[in-house]
């Protein structure tokens with residue numbers, strides 16, 4: 003092709019592109035306007051309200067009110083970390099309990115600003131629902147809780163069993179896949195909430211309860227005689243637990259992302275509630291940026307430069323949060339397993355704060 007012909011072709015192509023752009027300008031302008039109106043809307047609403055609304059699901063170790071009505075737990079602490087990052091106040095949070103069936107409608111209807119309630123990341127949820135997931139903050143897997151009197155020691159021995167599952171979860175699908183792979187059958191009994199499932203297991207209407215492993219540890223504490231029940235060692239699925247936010251507000255998503263990552267990075271640095279003040283005097287430039295002593299690491303979030311310092315001082319690092327809610331000195335007595343730092347053989351890992 004000659005230079006002149008190529009030039010004519012380029013000119014014609016550019017003209018067509020400009021025409022198409024002009025014809026579509028109305029649609030693209032309206033789309034941009036919609037995007038602009040959504041971006042930052044959650045953070046504006048939270049600041050105007052003076053608190054963050056966090057959707058939780060009640061369960062021992064994760065979210066339970068004490069005798070004074072003060073909520074405590076692993077999920078609650080991550081909600082409080084958001085409140086500290088924004089307001090330097092662990093109480094600047096409204097905790098809204100949802101059942102597993104209610105959680106997504108509650109988020110979509112803006113009853114809450116995020117979910118931190120044991121929701122696992124799946125392809126169907128990311129592709130077919132108007133939500134986005136934050137970082138994975140608990141690695142889990144679906145298992146089984148059975149009475150020791152049943153003599154069941156592994157999941158394959160549950161052939162023909164009646165198994166209680168919670169409504170609004172992926173549990174039943176995981177069970178179906180497990181049964182097909184292993185050539186066994188089961189009868190699912192769908193319960194609206196955990197208390198109903200516990201009652202059914204204790205009353206013999208179910209042979210087992212199946213849910214995430216962390217949930218099983220919580221469920222066992224609800225039984226009148228926990229020592230008479232066994233969590234089987236089998237895990238039949240991957241359940242990566244993450245915070246959930248509404249799609250379309252990337253500013254809010256990034257804020258949630260980095261706040262949830264901060265306790266993980268703090269533990270890797272060896273920074274805890276007990277020694278964070280000492281680390282603020284460190285000469286290490288990475289630590290100084292991380293704690294906000296020097297600017298640059300998270301300036302784009304629009305938070306107090308020392309928000310990480312405040313979160314660690316008031317809530318703690320990941321190990322602090324895990325140990326006081328789920329660890330060996332709690333009724334759940336959950337081994338960290340995959341939830342150890344990557345440097346200790348686990349999967350927890352934060353992108354660099356720089």
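In the working numbering, the protein residues as written are 3 to 356. Built from N, CA and C at the ideal position, the CB exists for glycine as well. Note that the coordinates shown come from a computational prediction; the quantities given were computed from them, not determined experimentally.
A distance below 7 Å between beta-carbons, with the five flanking residues on each side excluded, links residue 267 to the following residues of its chain, in chain order: 292, 352 and 355. Annotated three-state conformation of residue 284 is coil, per DSSP. Only residues of its own chain outside the window of five on either side were considered, and among them 92, 95 and 317 have a CB closer than 7 Å to the CB of residue 82, listed in chain order. Look at residue 61 here: in three-state DSSP terms it is strand.
Out of 45, 50, 42 and 121, the CA that lies nearest to the CA of residue 57 is found in 121. In this chain, residue 144 is not harboured by any alpha helix (DSSP H); it is covered by the beta strand (DSSP E) spanning 144 to 149.
Assignment of beta-bridge partners to residue 73 by DSSP yields 67. In the DSSP annotation of this structure, the continuous segment of the beta strand (DSSP E) that includes residue 193 starts and ends at 188 to 193.
Beta-bridge annotation (DSSP): residue 165 is paired with 190 and 210. Fully enclosed alpha helix (DSSP H) runs of no fewer than 4 residues occupy 252 to 271 of the stretch 224 to 280, in order along the chain.
Per DSSP, the continuous beta strand (DSSP E) segment holding residue 97 begins and ends at 95 to 99. The beta carbon of residue 261 is closer than 6 Å to those of 83, 84 and 87 in its chain, skipping five residues each way along the sequence. For the options 106, 323 and 241, the alpha carbon positioned closest to that of residue 130 is the one of 106.
Take the alpha-carbon of residue 208 and the one of residue 347: they are about 37 Å apart.
A contact between stretches requires three or more CB pairs, one per stretch, nearer than 8 Å, and the stretch 148 to 158 meets this requirement with the stretch 223 to 238.
Residue 118 places its beta carbon less than 9 Å from that of residue 245.
When C-alpha distances from residue 187 are compared across 215, 157 and 308, the shortest belongs to 157.
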